[in-house]
Structures are given as C-alpha cells and as structure tokens.
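If you're matching positions, the sequence shown starts at 1207 in the working numbering and goes up one per residue.
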Amino acid sequence: MGSSSTRKPNDISRINKPASPKTNTGLAGGVGGGPNTPPDINNLCPVRFRVKLTRDNLTAGTKLVLDETTRVLTTPSGENVGKVTAQTIRSLELCTKLGVTYPAITVVVNQGICYAEFSQ
C-alpha cells in the first residue's frame, strides 16, 4: 500500500468477504461437515450405548422392550424398569433413517448399577 498522502480523500478500504455457503437441508447441516459431506454414522450411531435404569435388582442379560411413544423400557413381563430421554429417542429415529437399528436391548450390570444396553 502507498502512504496515506497518496490516497484520495474519498477512498475507502474494502475488505473482501468470502461468499456465504449454500444452505443445506440435509442431515449434514450441524454435524461438522460441509454441505456435500454425508453424516458420520460412526459418531451418530455407535455400535452400542447404555442408558441407566431406575431399578437395580435386575438380572444381567434380561431382554427389554422400548415403547417409543411413552419412552418407557419394560421387561417382557411388563415391569417398568426405566425411561429414556427424548434426545435418545431422536437419536434412535435419526439412526433408523440412516439405516441403523438397535434390535437388541439387554440389561447390563456394572458395579451394582443396571443399564439398558442398546446394540446393533
């Protein structure tokens, strides 16, 4: 740049700004990818994850059933053993849209605390 004395009084400095990215209505929009980057299924849908149960007297390996409308986990005999959060339900629905399902929900006991383990 030249010295300030060589500039015209009505000159203004111009800063070039990058073009704004195109909006994306797909699934990659807030997942850390660009508009054409597909979502990372490994981060969105882990192979297995656990949800803490309200009861601690369950047997490891017991199969559980999830009622998606009430978000309640029950044993096959109908006992209510816990509830999953709305965020977990949204994650499960997103994974289902991506083709990943969690057909196996079993009880896992770790240090006396019972968890529902969702497995692909």
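We treat Cβ as the ideally placed atom computed from N, Cα and C, and that holds for glycine.
* Does DSSP put residue 1316 in a helix, in a strand, or in coil? -> DSSP places residue 1316 within a strand segment (E or B) once states are collapsed to three.
* Three-state secondary structure assigned by DSSP to residue 1280 -> Per DSSP, reduced to three states, the secondary structure at residue 1280 is strand.
* Asked: For residue 1322, is the classification buried or exposed, using 16 other Cβ atoms within 10 angstroms of its Cβ as the cut-off for buried?
  -> By the neighbour-count rule (16 or more Cβ atoms within 10 Å), residue 1322 is buried.
* To do: Please state whether DSSP places residue 1261 in a helix, a strand or coil.
  => In the structure shown, residue 1261 falls within a coil segment according to DSSP collapsed to helix, strand and coil.
* Asked: Which of helix, strand or coil does DSSP assign to residue 1304?
  -> If DSSP states are grouped into helix, strand and coil, residue 1304 belongs with coil.
* What three-state label does DSSP hand residue 1266 in the structure shown? -> In this structure, residue 1266 counts as coil in the three-state DSSP scheme.
* How is residue 1323 classed by DSSP in three states: helix, strand or coil? -> Annotated three-state conformation of residue 1323 is strand, per DSSP.
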